[in-house]
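Asks: Sharing a structure, written as structure tokens. Questions coming.
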Ligand SMILES: [Zn+2]
């Protein structure tokens, strides 16, 4: 829709190619093998997931790689049912924070594995504190969506 | 060396779309603040601008484009990318350091021309992990709101009450972008975005070229008989990844404590007379009020219901309508300073708070769910 005054429409499209770096290369390659890697900080003893090169609080290298359980507890969720430019995931979807067992930070991902079309039904199923489990994609590309979503455990 | 710094003049554009272009608009605001203060361009010591380059401006290295619109030709000037309350403090420090008598702070954002805020803030997400999941600022805020309501029993009606108050306050603010008389029901039924957030609980994208002229004590006395003094400032930054943070135990208490210490404030509930805070999502006003020490943890909903934070209350919060009513993304923190100054000078017009007010707080935040906070204290 044109505005009532003279405007110019312009788009900025620029290609970038960004390095994953050693730690995240290993983390995402782990995902392609259905493994979730975290890093344990030897100072604060926290297990961080995804894996990190350094603990952002203690500001020291993390040295220990740990394989993180694929089940956890839902700590926050949001049912998203609108579109925005650049959106990689098709609405409706549920953004979620999940505390994977044995870890000390929340893992950001999506919830799914049930009918998302009706929010009123979704609201009856999804509660903070519920148990969830990773569901892997059949074709994996060393990418965050190698996990399709986390599904509620009965 | 100056021991004190004052705000001596302010200027801003309305938040609604204008047909002016950014370049001319920035010039007009700079011209206005110079005319108000009786300074010519040559007399301005230094300039600090705030803008968010490509995402909120459509032009990269944008300061090179608009420097001359700020009067910076042949001057020492620099640009803060992101939250403009940081730029305010850089200007204060330049005067305190003794090198300059005056500093112009100019925040530039023409939201009407940008893609929607969610498209811009999706690019704040790291490209490997959060962005590929579609996480942007609104979804991050919705996750924070869910935890807030769950933990403290704050109701969605109380959260919606912030929108009711702030849109109503904005009826008296000629610079506001959105305003209106809404009920809690209107707000809750305004259409779901990222549940539990509805449309009227999410700030718009607005225009805002916002200017503040700072001066040393000596210079201030020559420019105005109503200087508003800088009293204190603090900021604090949390970890980046959303899951690394405790979204309900953020960095605002630390930022506020630093500002209160500098300003010599012991009991903010008694000593702060009004607050202009950055609440791009309605519930955040409640959470930030708690973090600023205006009430106990989890008490934000009750604080709102008590009426204390109304424009007629003991501690008005966002008498201008806040960021819900006007959200020039980068400029919103500096705009809180401008609104606080107008109130302390008694020049806020129809949205002037009741009674004499001596001390005001201005707050800015950027990053998901309040990753980074800044607090400034001003006094008459
Ligand atoms: Zn650590």
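Residue numbers (the working numbering), protein chains in the order written: chain A, 1214 to 1367; chain B, 4 to 383. Just so it is clear, CB atoms sit at the ideal spot from N, CA and C, and this is done for glycine as well. Here the structure is a predicted model, which is why all the values come from computation and not from measurement.
Hey, residue 108 (chain B) and residue 32 (chain B) are a contact pair by Cβ (cut 8 Å); roughly how many whole angstroms apart?
Replies: Contact doesn't hold; Cβ gap of about 11 Å is too wide.
Asks: What residues from chain A crowd round residue 145 (chain B), counting only those whose CB sits closer than 7 Å?
Replies: Result: 1291.
Asks: At a CB-CB cut-off below 7 Å, which residues of chain B make contact with residue 1249 (chain A)?
Replies: Taking the beta carbon of residue 1249 (chain A) as reference, no residue of chain B falls within 7 Å; the closest one sits roughly 12 Å away.
Asks: In terms of residue numbering, what span does the beta strand (DSSP E) encompassing residue 57 (chain B) cover?
Replies: Unbroken run through residue 57 (chain B) is the alpha helix (DSSP H), 56-60; no beta strand (DSSP E).
Asks: What does residue 1287 (chain A) pair with, by DSSP beta-bridge criteria?
Replies: A:1311
Asks: Would you say the beta carbon of residue 1340 (chain A) is closer than 7 Å to some non-hydrogen atom of ligand 1?
Replies: Incorrect: residue 1340 (chain A) has no Cβ contact closer than 7 Å to ligand 1.
Asks: Please find out if some non-hydrogen atom of ligand 1 comes closer than 7 Å to the beta-carbon of residue 1276 (chain A).
Replies: Outside the cutoff, so no.
Asks: Taking only beta-carbon positions, decide if residue 1300 (chain A) is within less than 8 Å of chain B.
Replies: yes
Asks: Considering only heavy atoms of ligand 1, list every residue whose Cβ is less than 6 Å from one of them, following chain order.
Replies: A:1254, A:1256, A:1257, A:1259, A:1268, A:1270 and A:1271
Asks: List, in order along the chain, the chain B residues whose C-beta lies closer than 8 Å to that of residue 1341 (chain A)?
Replies: 149, 150 and 153
Asks: Do we get a CB-CB distance below 8 Å when we pair residue 1263 (chain A) with the residues of chain B?
Replies: yes
Asks: Ignoring anything shorter than 4 residues, give me the alpha helix (DSSP H) runs that lie fully in the stretch 245-284 of chain B, in order along the chain.
Replies: 255-266 and 271-274
Asks: Do residue 331 (chain B) and residue 18 (chain B) have their C-beta atoms within less than 8 Å of each other?
Replies: yes
Asks: Tell me the rounded alpha-carbon separation between residue 149 (chain B) and residue 199 (chain B).
Replies: If you take the alpha carbons of residue 149 (chain B) and residue 199 (chain B), they lie about 7 Å apart.
Asks: Provide the residue(s) that pair with residue 183 (chain B) in DSSP beta bridges, ordered along the chain.
Replies: Paired residues: none, contrary to the question.
Asks: Provide the residue span of the alpha helix (DSSP H) that contains residue 31 (chain B), from first to last.
Replies: 25-40
Asks: Say whether chain A places a C-beta atom closer than 8 Å to the C-beta of residue 3 (chain B).
Replies: Outside the shown range of chain B (4 to 383) lies residue 3 (chain B), about which nothing can therefore be said.
Asks: For the stretch 211-219 of chain B and the stretch 90-99 of chain B, state whether three or more C-beta atom pairs, one from each stretch, are separated by less than 8 Å.
Replies: yes
Asks: Suppose the cutoff is 6 Å on Cβ atoms and the five residues either side in sequence are ignored; what does the same chain contact list for residue 1252 (chain A) look like?
Replies: 1261, 1264, 1265 and 1275
Asks: By the criterion of Cβ-Cβ separation under 8 Å, what are the contact partners of residue 131 (chain B) in chain A?
Replies: 1231, 1233, 1237, 1241 and 1357
Asks: Quick one: which unbroken beta strand (DSSP E) runs of 3-plus residues sit fully inside the stretch 73-158 of chain B? Chain order, please.
Replies: 80-84 and 105-113
Asks: For residue 139 (chain B), which residues in chain A fall below 8 Å Cβ to Cβ?
Replies: 1297
Asks: Would you grab the beta carbon distance between residue 1311 (chain A) and residue 1319 (chain A) for me? Rounded to a whole angstrom, and I think it's under 8 Å.
Replies: 6 Å
Asks: In the DSSP assignment, the beta strand (DSSP E) including residue 1361 (chain A) goes from what residue to what residue?
Replies: 1360-1365
Asks: Taking only beta carbons into account, state which residues of the stretch 1266-1277 of chain A come closer than 8 Å to chain B, listed in chain order.
Replies: Taking 8 Å as the Cβ-Cβ cut-off against chain B, the residues of the stretch 1266-1277 of chain A that qualify are 1269 and 1270.
Asks: What three-state label does DSSP hand residue 1241 (chain A) in the structure shown?
Replies: helix
Asks: Taking Cβ to Cβ, would you say residue 15 (chain B) is nearer than 8 Å to residue 326 (chain B)?
Replies: Not closer than 8 Å, so no.
Asks: Do you know whose CA, among B:336, B:357, B:329 and B:349, lies nearest residue 312 (chain B)'s CA?
Replies: B:357
Asks: Between the Cα of residue 46 (chain B) and those of B:163, B:78 and B:69, spot the shortest distance and give me the residue it belongs to.
Replies: B:78
Asks: Could you compute how far the alpha carbon of residue 153 (chain B) sits from the alpha carbon of residue 141 (chain B)?
Replies: 18 Å
Asks: Whose Cβ in chain A lies nearer than 9 Å to the Cβ of residue 197 (chain B)?
Replies: 1291, 1292, 1293, 1294, 1295 and 1308
Asks: For the stretch 235-256 of chain B, which residues have a beta carbon sitting closer than 9 Å to at least one beta carbon of chain A?
Replies: Result list: 242, 243, 244, 245, 246, 247, 248 and 250.
Asks: Among the residues of its own chain, which have a CB less than 8 Å from the CB of residue 1349 (chain A), if the five just before and after it don't count?
Replies: 1247, 1359, 1360 and 1361
Asks: Taking 8 Å as the CB-CB cut-off, is residue 57 (chain B) touching chain A?
Replies: yes
Asks: Using DSSP with H/G/I as helix, E/B as strand and the rest coil, what is residue 1250 (chain A)?
Replies: Looking at residue 1250 (chain A) - three-state DSSP - the assignment turns out to be strand.
Asks: What is the C-beta distance between residue 380 (chain B) and residue 234 (chain B), in whole angstroms, given that I count them as a contact (C-beta under 8 Å)?
Replies: 4 Å
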